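Everything below concerns the one structure shown next.
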Amino acid sequence: MRVLIVTAGSRGDVAPFTGLGRRLRQAGHQVALAAHDRFAGLVRECGLEYRALPGDPLEMVRARTAAPSPEDARSVFAAFLDDLGEGVVSAVAAGTDVLLTAFGPAPLSRLVAEGFGIPSLGVYLVPGVPTREFSPPGWPVTGEPSPADNLAAGRELLARTDALYSGVRRRLRARLDLPAAGGASDTSDDWPICHGFSPAVVSRPADWPAMAHVTGYWWPAVPPEWRPSDALTDFLRAGPPPVYVGFGSMTADNERLPEIVAAAVKRAGVRAVVQSGWAGLGTAGDDILLVGDLPHEWLFPRTAAVVHHAGAGTTGAGLRAGVPAVPVPVLLDQPFWAARLHGLGVAPPPLPLRELTAENLSAALRSCLDRPAYRDRAAELARRIRAEDGAAEVVSLVAHLEGGRGRRS
Numbered sequence: 001m002r003v004l005i006v007t008a009g010s011r012g013d014v015a016p017f018t019g020l021g022r023r024l025r026q027a028g029h030q031v032a033l034a035a036h037d038r039f040a041g042l043v044r045e046c047g048l049e050y051r052a053l054p055g056d057p058l059e060m061v062r063a064r065t066a067a068p069s070p071e072d073a074r075s076v077f078a079a080f081l082d083d084l085g086e087g088v089v090s091a092v093a094a095g096t097d098v099l100l101t102a103f104g105p106a107p108l109s110r111l112v113a114e115g116f117g118i119p120s121l122g123v124y125l126v127p128g129v130p131t132r133e134f135s136p137p138g139w140p141v142t143g144e145p146s147p148a149d150n151l152a153a154g155r156e157l158l159a160r161t162d163a164l165y166s167g168v169r170r171r172l173r174a175r176l177d178l179p180a181a182g183g184a185s186d187t188s189d190d191w192p193i194c195h196g197f198s199p200a201v202v203s204r205p206a207d208w209p210a211m212a213h214v215t216g217y218w219w220p221a222v223p224p225e226w227r228p229s230d231a232l233t234d235f236l237r238a239g240p241p242p243v244y245v246g247f248g249s250m251t252a253d254n255e256r257l258p259e260i261v262a263a264a265v266k267r268a269g270v271r272a273v274v275q276s277g278w279a280g281l282g283t284a285g286d287d288i289l290l291v292g293d294l295p296h297e298w299l300f301p302r303t304a305a306v307v308h309h310a311g312a313g314t315t316g317a318g319l320r321a322g323v324p325a326v327p328v329p330v331l332l333d334q335p336f337w338a339a340r341l342h343g344l345g346v347a348p349p350p351l352p353l354r355e356l357t358a359e360n361l362s363a364a365l366r367s368c369l370d371r372p373a374y375r376d377r378a379a380e381l382a383r384r385i386r387a388e389d390g391a392a393e394v395v396s397l398v399a400h401l402e403g404g405r406g407r408r409s
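For what it's worth, full-length UniProt numbering labels the leading residue of the sequence shown as 1, then goes sequentially.
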């Protein structure tokens, strides 16, 4: 069976699906992964077929940030979505029997699957179904919201998403010769959604519909040819385990961020591996090694603690490694995961990036390193997470969907 996984966004939105794709391939399926061109090499190195999606998420973020007005920013995003919708159509048309879609492109992917008459399945890295148990990731939380507040926030967030995608969905319906209205709702209870995080991190809400699953993490595949650089292996051998500092795909325009990181590392008396990321960190120092993209699952177990933006994938990698964290959230789902890390007892209170200083960062690092409770709790959680097989449930659901195949004429 030909399985297509569609995702959009940063590396953290792509990497987990390389591991999931490998598991599906091991189960006997032909697997393609549709993503933006900057991740073509990653997909192919992991042994999966690559299908291109137009647009560059980094350039889109920069263009939205530089837009002179909110209306111009919305126009930038609308054009990005229009191109993305056409890209999903092309990716499916290349040969697909079952479509798996990440949360971001789900409103488009699901509609395209309907147009091609093939079954689809949500594969989400963040909670994507409203619940009374917590506010949805990306929703600003103040005080202690009630269960009713949480549910209302989840529904409102989905309504806002529907509004953002309404124009491109309308054009896609015409493009695919679908009725102008009708078809399955994006929030219907009978559409299967698998959430790729551990129930030990976010337990499955009791009020979720039966078709919403929490499977456990889908770990990124490490390209078989990847090897750490000599500089990295030499640095790791030259002293005690360093801390990791990286903010992934965040494009923070704080010019002082490299200075803050360097000063915090020095004040805390630690060595550090700093990942430049999209923020372009150029942090330098005697006890600092600057690196580019590399597999977190290889590096994190070799560190004493990890400082990161609390994206879903980086959060999971740190938990799997069993090391404490210093979460520095910026936007979207990051405050949700940052609060979850603190609540799980593996991290001190989050330090929002806009509030970051050398003083509070160094204090948080020393707290991670000096309090055994953080590391003990991280090790305990890691044992539970490593025992899970998050991909197995997805493989099983895909096998069930196979009976529902069939293409529109």
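By construction, the Cβ of each residue, glycine as well, lies at the ideal position given by its N, Cα and C atoms.
This one's a predicted model, so the numbers in the text were calculated from it and none came from an experiment.
Just mark ALA184 as buried or exposed, buried being the case when its beta carbon has 16 or more other beta carbons within 10 Å. Any answer about ALA184 is weak, because its pLDDT of 42 lies below 50 and its placement is not dependable; what the coordinates show is given next. So ALA184 ends up on the exposed side.
Could you check how far apart the C-beta atoms of LEU381 and VAL346 are, in whole angstroms? I think they sit under 8 Å. 6 Å
Does the beta-carbon of GLU114 have 16 or more other beta-carbons within 10 angstroms, so that it is buried, or is it exposed? buried
Looking only at its own chain, which residues have a Cβ that is under 7 Å from the Cβ of GLY55, when we skip the five neighbours before and after it? HIS36, PHE80, ASP83 and LEU84
If the criterion is Cβ atoms closer than 8 Å, does the pair LEU365 and VAL243 meet it? yes
Below 7 Å CB to CB, which residues in the same chain sit around GLY167 once its five sequence neighbours on both sides are set aside? ALA78
Based on the DSSP secondary-structure assignment, which residues constitute the bridge partners of HIS213? CYS194
Reference LEU125, options ALA231, GLY311, PRO240 and LEU356, closest by Cα: GLY311
Return the Cβ separation of PRO107 and ARG22 in integer angstroms, given the expectation that the two are a contact with Cβ distance under 8 Å. With a contact defined as Cβ atoms closer than 8 Å, PRO107 and ARG22 miss out at about 27 Å.
Could you check the C-alpha separation between PRO223 and TRP208 for me, to the nearest Å? 36 Å
Using only the heavy atoms of the ligand ATP, determine whether one of them is closer than 7 Å to the beta carbon of GLY12. Among the components of this structure there are no ligands whatsoever, and the ligand ATP is therefore not found.
Just to confirm my understanding: we take PRO349, look at its own chain, exclude 5 residues before and 5 after, and list those with CB closer than 7 Å. What are they? HIS342
For the stretch 211-226 against the stretch 134-147, are there 3 or more C-beta pairs whose distance is under 8 Å? no
Which parts of the stretch 331-409 are runs of the alpha helix (DSSP H), unbroken and 4 residues or longer, counting only runs that do not cross its ends? 334-344, 358-370, 372-386 and 390-401
Outcome for ASP333 when other beta-carbon atoms lying within 10 angstroms are tallied against a minimum of 16: It counts as buried.
Environment of ARG11 [buried if 16+ CB atoms lie within 10 Å]: buried
Can you give me the start and stop residues for the alpha helix (DSSP H) that ILE118 sits inside? Careful: ILE118 lies outside any alpha helix (DSSP H) and carries neither H nor E.
Just mark ARG237 as buried or exposed, buried being the case when its beta carbon has 16 or more other beta carbons within 10 Å. exposed
Applying the criterion that 16 or more other CB atoms from any shown protein chain within 10 Å of the CB defines a buried residue, is HIS308 buried or exposed? buried
Less than 6 Å between C-beta atoms, sequence neighbours within five positions excluded: which residues of the same chain meet that for THR7? ASP13, VAL14, PHE17, ALA35 and ALA102
Looking only at C-alpha atoms, which of THR96, ALA152 and THR215 sits nearest to GLU388? THR215
Buried or exposed, going by whether 16 or more other CB atoms sit within 10 Å of the CB of ASP97? Classification of ASP97: buried, given that the 10 Å Cβ count is 16 or more.
Take the Cβ of LEU331 as the centre, count every other Cβ of all protein chains shown within 10 Å, and call the residue buried at 16 or more, exposed below. Exposed, since its Cβ has fewer than 16 Cβ neighbours within 10 Å.
Considering only residues of the same chain and omitting the five flanking positions on each side of ALA40, which have a CB-CB separation below 8 Å? Result list for ALA40: TYR50 and ALA52, in chain order.
Once the 5 residues before and after THR233 are set aside, which same chain residues still bring their CB inside 6 Å of it? Answer for THR233: no residue qualifies.
Going by other Cβ atoms of all chains shown within 10 Å of its Cβ, with 16 needed for buried, is GLY269 buried or exposed? exposed
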